[in-house]
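Number of protein chains: 2
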Amino acid sequence: MPPTSETLTAERILEATEEVLRRHGPAKATVVDVARALGVSHGSVYRHFRTKAALREAVTKRWLDRTSRRLAGIVDGDGTAEQRLRAWLAGLFEAKRHKAGDDPELFATYTVLTDELGGVVYEHIEDLTGQLTRIIAAGAGSGDFRVPDPAVAARAVFQATGRFHDPCHARDWARQGIEEEFTAVVDLLVRGLSSPSP
Amino acid sequence: MPPTSETLTAERILEATEEVLRRHGPAKATVVDVARALGVSHGSVYRHFRTKAALREAVTKRWLDRTSRRLAGIVDGDGTAEQRLRAWLAGLFEAKRHKAGDDPELFATYTVLTDELGGVVYEHIEDLTGQLTRIIAAGAGSGDFRVPDPAVAARAVFQATGRFHDPCHARDWARQGIEEEFTAVVDLLVRGLSSPSP
DNA sequence: CAGCTGACAGATTTCAATATCTGTCATTCC
DNA sequence: GGAATGACAGATATTGAAATCTGTCAGCTG
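From first to last, the protein sequence lines stand for chains A and B. When we follow our numbering, the leftmost residue of the first sequence carries the number -16, and every step to the right adds one. When we follow our numbering, the leftmost residue of the second sequence carries the number -16, and every step to the right adds one.
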């Protein structure tokens, strides 16, 4: 009994995979489960994704890209470079914190997945630091920021704020005072970017 | 056949525990193993440490304190506050990186231990940020740094450099270019501390 | 004939029995 | 008498046999 009689597409498989991951967790989510959820044989899933790893990679990439796209809107938005930088960092923190807080099981699942999929995460980080570089370069152009190399500065800012977006710190995001800590770090970084060259 | 006939002290037990941890890893290191290594019955170990958790805690504390003490020497050392701050941060990075690089097994062992012992790690971090606070306060006093609250700034600096001392980033410490990343982050933070208040 | 199926081999995971460990304490030993 | 021992009960870990999963492919189906 097929749940829907639409044709089987990669998109539908990804949808079902996400649901199975949410339900079963990363360790117990099998290709057979995904096929069962779709009412097809597991052989059909292998027609669209060569291996289980490729399927996991695709679903993880989709998940990460959702955050990327949301933040991309801030890069060319309104306000000064400093305002956009602050909004972007706050947006990243907020997005991660909500993902972790709203559905901890699913977040833990993706944390496991990203741990085993180095390449996808690398691209995601390149994407995000690229966005940051554009904001900082704009600030350097307008004179708000004084940095020798916007790309280097962007990476430093991204890494320095790791505590507020790297999944390995997720358990701290619910702690009392985390907001103040975030503000203190961002203030310090913004002052570093804005100060005259040494 | 007791390997040594000295009296059984807490110190000797900690020594043996560290050796057993190095040999067997955190999951397989048992109290029975420790007793066997010392040539005594496991009941004797329980005379000095009430539980296995207490033993693990004591040995972990000892390990963390070794790093603390090494860095404490820099706090009141020679040079300007900026020089000491840079030396302290570099020293912390260096210490952690060597621990992780020289004996990855033992480092992984302590990473597991610190994960289960929240309190000990909390105290260790309080200790380290305390040292940082003293350096930054000295800089604020001499006019090198301009910060409203040295303790807040110290915590921000500690967290912003987390990538270079937090065990969850240990695998990145062997990567190409990590030194440059460290320098970029520290430069940015020092500029932030030194710049005139906003 | 394009897409799907289900049986299959080898790899991985589960589960229950078996063995080991933790923490206690009555007893032994200097 | 203070320190150490080793037997013990309940909790935890190991092990290996049975079940399940991954990835392939010859054949079915519409």
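Backbone N, C-alpha and C fix where the C-beta goes; we use that ideal spot for every residue, glycine too.
Discussion item. Counting beta carbon pairs with one atom in the region 121 to 132 of chain B and one in the region 70 to 87 of chain B, are three or more of them shorter than 8 Å?
Written reply: No: fewer than three Cβ pairs fall under 8 Å.
Fill in: Rounded Cβ spacing between A143/B and V58/A (contact assumed at less than 8 Å)
Here residue 143/B refers to the residue found at position 160 when the second sequence is read from its first residue. Here residue 58/A refers to the residue found at position 75 when the first sequence is read from its first residue. So it is not a contact: roughly 22 Å between Cβ atoms.
Fill in: DSSP state of A20/B mapped onto helix, strand, coil
As a first step, residue 20/B is located in the second sequence; it is residue number 37 there, counting from the start. Note: A20/B maps to helix in three-state DSSP.
Worksheet entry | Endpoints, alpha helix (DSSP H) assigned at T0/B | Locating residue 0/B in the second sequence gives position 17, where the first residue counts as 1. Where T0/B is concerned, the enclosing alpha helix (DSSP H) stretches over A(-7) to H7.
Worksheet item: chain B beta carbons: is any one of them nearer than 8 Å to that of R174/A?
Response: Residue 174/A sits at position 191 when you count from the first residue of the first sequence. Chain B contact via Cβ: present.
Fill in: Every unbroken alpha helix (DSSP H) inside the region 14 to 99 of chain A [4 residues or more]
Runs of the alpha helix (DSSP H) inside the region 14 to 99 of chain A: 14 to 21, 25 to 31, 35 to 58, 64 to 85 and 87 to 99.
Worksheet item: What are the complete alpha helix (DSSP H) segments, minimum 4 residues, inside the region 102 to 156 of chain B?
Response: 133 to 143
Discussion item. I want to know whether the region 112 to 120 of chain A touches the region 119 to 127 of chain B - three or more CB-CB distances under 8 Å.
Written reply: Contact fails: fewer than three Cβ-Cβ distances are below 8 Å.
Worksheet item: In three-state DSSP terms, what is M(-16)/B?
Response: The residue given as residue -16/B occupies position 1 in the second sequence. Annotation note: pLDDT 33 at M(-16)/B (below 50); position unreliable, coordinate value reported separately. Residue state, collapsed to three classes: coil.
Worksheet item: Is V168/B close to chain A, meaning its C-beta is less than 8 Å from at least one C-beta of that chain?
Response: Residue numbering aside, residue 168/B sits at position 185 when the second sequence is read from its first letter. With 8 Å as the cut-off, V168/B counts as an interface residue toward chain A.
Worksheet entry | Reference E164/B; option with closest CA among V140/A, F165/A, D155/A and H148/A | In the second sequence, counting from the first residue as 1, residue 164/B sits at position 181. Of the listed residues, the one whose Cα sits closest to E164/B is V140/A.
Worksheet item: How many Å lie between P(-14)/B and G22/B at the Cα?
Response: Within the second sequence, the letter at position 3 stands for residue -14/B. Within the second sequence, the letter at position 39 stands for residue 22/B. In this prediction, P(-14)/B has a pLDDT of 43, which is less than 50 and means its spatial position is unreliable; what the coordinates show is noted afterwards. Approximately 6 Å between the Cα atoms of the pair.
Item to complete: Please check the pair L171/A and A136/B, which I expect to be a contact at CB under 8 Å, by giving their CB distance rounded to whole angstroms.
Response: Here residue 171/A is taken as the residue at index 188 of the first sequence, counted from 1. Here residue 136/B is taken as the residue at index 153 of the second sequence, counted from 1. With a Cβ gap of about 7 Å, L171/A and A136/B count as contacting.
Discussion item. By alpha-carbon positions, which one of T92/A, T166/A, S178/A and S51/A ends up nearest to E106/A?
Written reply: Position 123 of the first sequence, counting from 1, holds the residue named residue 106/A. The candidate whose alpha carbon is nearest that of E106/A is S51/A.
Worksheet entry | Spatially closest choice to V3/B from L72/B, H152/B and L38/B, by CA coordinates | The residue given as residue 3/B occupies position 20 in the second sequence. Comparing Cα-Cα distances from V3/B to each of L72/B, H152/B and L38/B, the minimum goes to L38/B.
Fill in: Extent of the continuous alpha helix (DSSP H) run through R158/A
On the first sequence, position 175 is the one that residue 158/A refers to. Counting along the chain, R158/A falls outside any alpha helix (DSSP H), and DSSP gives it neither H nor E.
Discussion item. I'd like to know if A139/B contacts chain A, where contact means its C-beta is closer than 8 Å to some C-beta of that chain.
Written reply: Mapped onto the second sequence, residue 139/B falls at position 156. Interface residue, yes.
Practice prompt. Identify the contact partners of L171/B in chain A, using a Cβ-Cβ distance below 8 Å as the criterion.
Written response: Position 188 of the second sequence, counted from the start, is the residue given in the question as residue 171/B. Those within 8 Å of L171/B in chain A are A136, A139, V140, A143, L172, G175 and L176.
Practice prompt. State yes or no: is the C-beta of G74/B nearer than 7 Å to some heavy atom of the ligand HEM?
Written response: Within the structure as shown, the ligand HEM is missing, as the structure has no ligands at all.
Worksheet item: chain B beta carbons: is any one of them nearer than 8 Å to that of R146/A?
Response: One-based indexing of the first sequence puts residue 146/A at position 163. So, interface residue.
Worksheet entry | Residue burial classification, T34/B (beta-carbon count within 10 angstroms, cutoff 16) | Your numbering for residue 34/B matches position 51 in the second sequence. T34/B should be labelled exposed.
Worksheet item: Going along the region 147 to 165 of chain B in order, which residues come within less than 7 Å of chain A, judged by CB to CB distance?
Response: For the region 147 to 165 of chain B, the beta-carbon criterion of a distance under 7 Å to any beta-carbon of chain A is satisfied by C151 and E164.
Worksheet entry | Classification of S24/B by the beta-carbon crowding that lies within 10 angstroms, buried from 16 upward | In the second sequence, residue 24/B corresponds to position 41, counting from 1. Per the 10 Å Cβ criterion, exposed.
Worksheet item: Run through DSSP, which three-state label would T166/B get?
Response: Position 183 of the second sequence, counted from the first residue, corresponds to residue 166/B. It is helical.
Worksheet item: Would the beta-carbon of R138/A fall within 8 Å of that of T97/A?
Response: Residue numbering aside, residue 138/A sits at position 155 when the first sequence is read from its first letter. Residue numbering aside, residue 97/A sits at position 114 when the first sequence is read from its first letter. Contact: no.
Worksheet item: When the Cα atoms are used, what is the spatial distance from G102/A to V42/B?
Response: Position 119 of the first sequence, counting from 1, holds the residue named residue 102/A. Position 59 of the second sequence, counting from 1, holds the residue named residue 42/B. One C-alpha to the other measures close to 37 Å.
Worksheet entry | Residue of W46/B, G60/B, R174/B and R67/B minimising C-alpha distance to L89/B | By 1-based counting over the second sequence, the position of residue 89/B is 106. Ranking W46/B, G60/B, R174/B and R67/B by Cα distance to L89/B puts W46/B first.
Discussion item. Taking only three categories from DSSP, how would you classify S178/B?
Written reply: Against the second sequence, residue 178/B aligns to sequence position 195. Coil.
Discussion item. Buried or exposed, going by whether 16 or more other CB atoms sit within 10 Å of the CB of E162/B?
Written reply: Locating residue 162/B in the second sequence gives position 179, counting from the first residue. With fewer than 16 other beta carbons inside 10 angstroms of its own, E162/B counts as exposed.
Discussion item. Nearest by alpha-carbon distance to I(-4)/B: which of R158/B, T94/B and F32/B is it?
Written reply: Locating residue -4/B in the second sequence gives position 13, where the first residue counts as 1. Here the closest residue by C-alpha is F32/B.
Practice prompt. For my contact list, P9/A and V104/A are in at a C-beta cut-off of 8 Å; report their separation, rounded to the angstrom.
Written response: Locating residue 9/A in the first sequence gives position 26, where the first residue counts as 1. Locating residue 104/A in the first sequence gives position 121, where the first residue counts as 1. With a Cβ gap of about 15 Å, P9/A and V104/A do not count as contacting.
Practice prompt. Give the straight-line distance between the Cα atoms of P87/B and G56/B, rounded to the nearest whole angstrom.
Written response: On the second sequence, residue 87/B is found 104 positions in, with the first residue counted as 1. On the second sequence, residue 56/B is found 73 positions in, with the first residue counted as 1. C-alpha separation (whole angstroms): 26 Å.
Worksheet item: Between the C-alpha atoms of G74/B and Q114/B, what's the straight-line distance to the nearest angstrom?
Response: The residue labelled residue 74/B in the question sits at position 91 within the second sequence. The residue labelled residue 114/B in the question sits at position 131 within the second sequence. Rounded to whole angstroms, G74/B to Q114/B spans 13 Å at the Cα level.
Practice prompt. Taking all protein chains shown into account, decide if M(-16)/B is buried (16 or more other Cβ within 10 angstroms of its Cβ) or exposed.
Written response: Here residue -16/B refers to the residue found at position 1 of the second sequence. Its pLDDT being 33, under 50, M(-16)/B is placed unreliably by the model, and the measurement read from it follows with that caveat. Per the 10 Å Cβ criterion, exposed.
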